[in-house]
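Engineer: One structure coming up, written as structure tokens, with questions to follow.
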Amino acid sequence: MNTKLLMASSAIFMGLMGIALSFMPNEILKIINQAPNTTMALILQLAGALYFGMAMTNWFAKTVLIGGIYSKPLSIGNFAHFFIAGLALIKYSLNSNKPTSYIITLTILYSVFAVLFGYVSFTNPSKKQDNH
């Protein structure tokens with residue numbers, strides 16, 4: 046599996062989420078039909094900082110060998126994040142009368158990243174073929 050592409054795409058996704066949550070918390074609250082208030086805005090900004098920090102970690106680790114025992118904390122951390130959040134989004138989508146397109150999109154993205162990071166975390170990285 047091309048872990049460089051996986052790490053870069055997850056970094057871009059989380060980086061965009063982090064920037065949006067950090068700089069547009071009130072607008073995001075309005076999109077999800079919540080009345081903007083300072084406490085919720087602060088919580089979203091803190092979540093944005095977490096997303097951005099994780100994005101930076103993934104971006105700078107995109108060239109590192111990942112899988113099996115290699116970079117285990119990095120792969121397990123990403124897997125846990127995407128798996129737990131993916132389950133929460135699936136549960137919300139199933140229990141919601143009419144999930145928004147934003148929620149459906151996030152659910153799909155999180156589920157795909159969870160499967161990919163699960164694969165990377167619990168399999169050994171493939172060795173490059175030597176043609177000599």
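Position 79 of the sequence shown, counted from 1, bears residue number 124 in our numbering, the numbering being contiguous throughout.
Cβ coordinates follow ideal geometry from the N, Cα and C atoms, glycine included.
Keep in mind it's a predicted model, so treat the numbers as computed, not measured.
Taking the DSSP output, what are the residues bridged to residue 115?
Structural biologist: Paired residue(s): 112.
Engineer: How would you call residue 140, buried or exposed, if buried means at least 16 neighbouring beta carbons within 10 angstroms?
Structural biologist: So residue 140 counts as exposed.
Engineer: Thinking C-beta only, is residue 149 closer than 8 Å to residue 138?
Structural biologist: Going by C-beta atoms, residue 138 is nearer than 8 Å to residue 149.
Engineer: Mind listing, in chain order, the continuous alpha helix (DSSP H) runs of no fewer than 4 residues lying wholly within the segment 51-130?
Structural biologist: Counting whole runs of 4 or more residues, the segment 51-130 contains the alpha helix (DSSP H) stretches 70-76, 83-105.
Engineer: Under 6 Å Cβ to Cβ from residue 49, same chain only, skipping five residues before and after it: list those, please.
Structural biologist: Hits under 6 Å: 107.
Engineer: Tell me where the alpha helix (DSSP H) around residue 152 begins and ends.
Structural biologist: Taken as a continuous stretch (DSSP letters only), the alpha helix (DSSP H) holding residue 152 covers 146-167.
Engineer: Quick check on DSSP: helix, strand or coil for residue 141?
Structural biologist: In this structure, residue 141 counts as coil in the three-state DSSP scheme.
Engineer: Taking residue 46 and residue 165 to be in contact with their CB atoms under 8 Å, please state how far apart those CB atoms are, rounded to whole angstroms.
Structural biologist: Confirmed, Cβ separation roughly 6 Å.
Engineer: Quick one: measure Cβ to Cβ for residue 123 and residue 103, integer angstroms, because I've assumed they're closer than 8 Å.
Structural biologist: Right, their Cβ atoms sit about 7 Å apart.
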